[in-house]
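Notes for the one structure printed next.
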Amino acid sequence: MLRRALISALAISVAGSLAPVAPATAKPDRTPSRPAAVRAGHVELTGYADLVVDDASGRVFVAQGSTQLVVASSALTRARTITLPTRARAMVLDGDTLYVAGNGEADVVAVDTATLEVRDVASSVSACAQDVALAAGTLWVASDCEATPGLTAVDPATGATTEVSSRRLAHVTRAPAGRLVVAGIKGDPALELLEIGDGPAPAVTTIATHARPFGEVVDMAVVPGEERIWVALANHDVGWYDLGTLDDLDYRSAYGTPSVASRADGLVAVAGGRAVSFYEPDGRWYGDVTAARAGEIFPAGLAFGGVHAYVAVDPPRAARAPYLVRVRAGRESRIVKGPFRSRSVDAGTDIRFSGRLVADSSSREVLVYRRTRTSQDQLLRTLTVGPDGRFSGTVRATQTMQIHVVFKGDADTLPSSATYGRISVDPRVRSGLRGEVRVERGVAVYRSDARVVLAGTVRPAAPGACVKVILWVRREGRWRIAGDVCARQSGPGRFRVIFPGDASYVGRTWSLQATVRANAYYNDGEDDRKVFRFIK
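For the sequence shown, the positions run -26 to -1, 1 to 510 when mature numbering (1 follows the signal peptide of the UniProt record, and there is no 0) is used.
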């Protein structure tokens, strides 16, 4: 799958024939190897274009948009580079062969993942390959150049090339049952589902189209065993589509320009900003893992490898170089029971958390925090994960708060986390607000000398707590604050407040509204409003 290059390379337009080119074995001096910088599980890069993990060989391959291909161990403890005859832009794995598409002496080359030997596959394919996929025994190269085919079929055995489509494409990926999904460039981002023909000559037929995805396509991932494809968009959304019709199914928002990848067991990863989020194919969310302490993950800079997700990080400008890092991937944050949605509770209510972490979880502790408006969260409880992966515990609600749960794993793993809905301590006014008014024909008539008295009972009762009472006046079609008082409770939740008179109220009709907030310090919680219409 394509990992779009963010560090640009000069695209050179090449005019060439589409005649078959016999594959050639690379010269011995074509693949010199040299070390790549590795520090504390970070592999330094010079750029980024694509990322492939080969679990069988225990290696990670990173295309940098140059002739230097990074080869790292899956633990990211060792790395080196090999030189290719092409500026690598996109890669696809087929058993023990890694196919690399780019532009240079040969547009498509093959790398033996065990020996790292390189051989040419085809030339004159495209001067600006953007993506490559393998389906029906054929390599499919997507290109976004005007002067070259948008989709080219390459026979990996003979190097024969066939122009399949002239549409400028940014992405191509394999779909089940002999199909491809392609996406166009910015300005023409339509998705197409293509069926590969059975004849001797490579050909495709469009069987479904989604003309207007929500934004420019950045990355795509077909979910194994599911008739759906997840698509990352440049507008920070990730949507998934039916693989039979390309109809919209649903979407999620991501932080930053996202990447998307899928694992053989159906787990979906979405990377954006500094974090990786994990989902079921139907969009059920499991939790987040922080992958970058600074900078952001490259768009389309994500790949699965075993129980880890590998991400390429674009650091802040002050940093020296981009780098590759891995995080624990899995359904670690699968909470069976908990406060998934916002709800209100009375003060002193015990909120119960319970759940079970799945087998591939590395977590040993569950930390429950109260998320504050400052950078320092307040730790409420530490829950121990049992041998069977289960945990449980309670947190007492004392004020409106947002619960944040961190799943603390092994030393080599950054913690994953999950933020749940707001837990509101209920500040609703039980007995209502009272003003010194009387009702005549449905209209409250002001009967004192331009002052407003409001009283009520608030729960929960917190002796001495401040009850925020705000009086609003509607003038010239807009609500404006007429008074703002912090009333101390004089009993079990009771308050009474007098707003001083305003001469402008006398003799005229105004709409007044009172708002009570029981959590004035945090300025949140439920509001109780009543509208009074005053007439002299």
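For each residue, glycine too, the CB sits at the ideal point set by N, CA and C. Keep in mind that this is a model prediction, so the values were computed, not measured.
Can you tell me the Cα-Cα spacing of residue i and residue j, whole angstroms?
i: residue 87; j: residue 69; result: 9 Å
i: residue 289; j: residue 276; result: 15 Å
i: residue 55; j: residue 145; result: 26 Å
i: residue 62; j: residue 22; result: 10 Å
i: residue 154; j: residue 220; result: 12 Å
i: residue 76; j: residue 104; result: 8 Å
i: residue 102; j: residue 120; result: 10 Å
i: residue 179; j: residue 169; result: 5 Å
i: residue 338; j: residue 81; result: 48 Å
i: residue 201; j: residue 215; result: 8 Å
i: residue 385; j: residue 282; result: Interpretation of residue 385 is limited by its pLDDT of 39, a score under 50 that renders its predicted location unreliable; no figure is taken from the coordinates.
i: residue 400; j: residue 324; result: For residue 400, the predicted structure reports a pLDDT of 42, less than 50, and the residue's modelled location is therefore unreliable. The matter cannot be settled from this model.
i: residue 234; j: residue 32; result: 22 Å
i: residue 251; j: residue 370; result: 28 Å
i: residue 232; j: residue 287; result: 12 Å
i: residue 268; j: residue 228; result: 17 Å
i: residue 112; j: residue 362; result: 46 Å
i: residue 83; j: residue 96; result: 7 Å
i: residue 161; j: residue 122; result: 18 Å
i: residue 225; j: residue 137; result: 34 Å
i: residue 106; j: residue 38; result: 15 Å
i: residue 294; j: residue 210; result: 27 Å
i: residue 44; j: residue 266; result: 20 Å
i: residue 284; j: residue 296; result: 13 Å
i: residue 131; j: residue 191; result: 31 Å
i: residue 114; j: residue 291; result: 36 Å
i: residue 118; j: residue 74; result: 17 Å
i: residue 257; j: residue 213; result: 9 Å
i: residue 127; j: residue 135; result: 6 Å
i: residue 299; j: residue 30; result: 19 Å
Skipping 5 residues on each side, what residues in its chain have a beta carbon closer than 7 Å to that of residue i?
i: residue 253; result: 242, 244, 259 and 260
i: residue 255; result: 197, 200, 202, 240 and 242
i: residue 353; result: 341 and 343
Taking C-alpha atoms, which residue in the options lies nearest to residue i?
i: residue 182; options: 299, 190 and 222; result: 222
i: residue 98; options: 133, 37 and 108; result: 133
i: residue 185; options: 27, 175 and 166; result: 166
i: residue 143; options: 193, 129, 230 and 264; result: 193
i: residue 116; options: 125, 291 and 202; result: 125
i: residue 174; options: 129, 217 and 325; result: 129
i: residue 108; options: 72, 263, 79 and 140; result: 72
i: residue 359; options: 368, 329 and 52; result: 329
i: residue 48; options: 36, 57 and 58; result: 36
i: residue 57; options: 195, 136 and 78; result: 78
i: residue 40; options: 364, 24 and 46; result: 24
i: residue 139; options: 152, 100 and 110; result: 100
i: residue 34; options: 291, 147 and 279; result: 279
i: residue 152; options: 141, 171 and 135; result: 171
Just checking my contact of residue i with residue j at CB under 8 Å: how many whole Å lie between their CB atoms?
i: residue 60; j: residue 42; result: Actually they are not in contact, since the Cβ atoms of residue 60 and residue 42 sit about 11 Å apart, beyond 8 Å.
i: residue 205; j: residue 176; result: So it is not a contact: roughly 25 Å between Cβ atoms.
i: residue 26; j: residue 65; result: 5 Å
i: residue 198; j: residue 238; result: 5 Å
i: residue 189; j: residue 207; result: 4 Å
i: residue 67; j: residue 28; result: 6 Å
I'd like the list of long-range same chain contacts for residue i, defined as Cβ closer than 8 Å, with 5 residues on each side in sequence excluded.
i: residue 164; result: 157, 158, 183, 184, 185, 186 and 187
i: residue 365; result: 327, 328, 329, 330, 331, 340, 357, 358 and 359
Residues in the same chain with beta-carbon distance under 6 Å from residue i, minus the five sequence neighbours each way, listed in chain order, please.
i: residue 367; result: 327, 355 and 357
i: residue 150; result: none
i: residue 230; result: 246, 247 and 270
i: residue 85; result: 72 and 92
i: residue 15; result: 50
i: residue 46; result: 17, 34 and 53
i: residue 6; result: Residue placement at residue 6 is poorly supported in this model, since its pLDDT is 45, which falls under 50; the coordinates are not used for a value here.
i: residue 195; result: 204, 234, 235 and 236
i: residue 148; result: 107 and 109
i: residue 141; result: 124
Worksheet item: Considering only residues of the stretch 192 to 275, which uninterrupted beta strand (DSSP E) runs meet the minimum length of 3 residues and lie entirely inside it, listed in chain order?
Response: Within the stretch 192 to 275, the runs of beta strand (DSSP E) at least 3 residues long that lie entirely inside it are, in chain order, 202 to 207, 211 to 216, 222 to 227, 233 to 236, 242 to 246, 249 to 253 and 259 to 264.
Fill in: Minimum length 3: unbroken beta strand (DSSP E) runs contained in the stretch 80 to 161
Here the runs fully enclosed are 82 to 86, 92 to 96, 103 to 109, 112 to 117, 125 to 128, 135 to 139, 143 to 149 and 153 to 158.
Item to complete: Output the residue ranges of the beta strand (DSSP E) runs that lie fully inside the stretch 28 to 61 and measure 3 residues or longer, sorted by chain position.
Response: Fully enclosed beta strand (DSSP E) runs of no fewer than 3 residues occupy 33 to 37, 42 to 47 and 53 to 57 of the stretch 28 to 61, in order along the chain.
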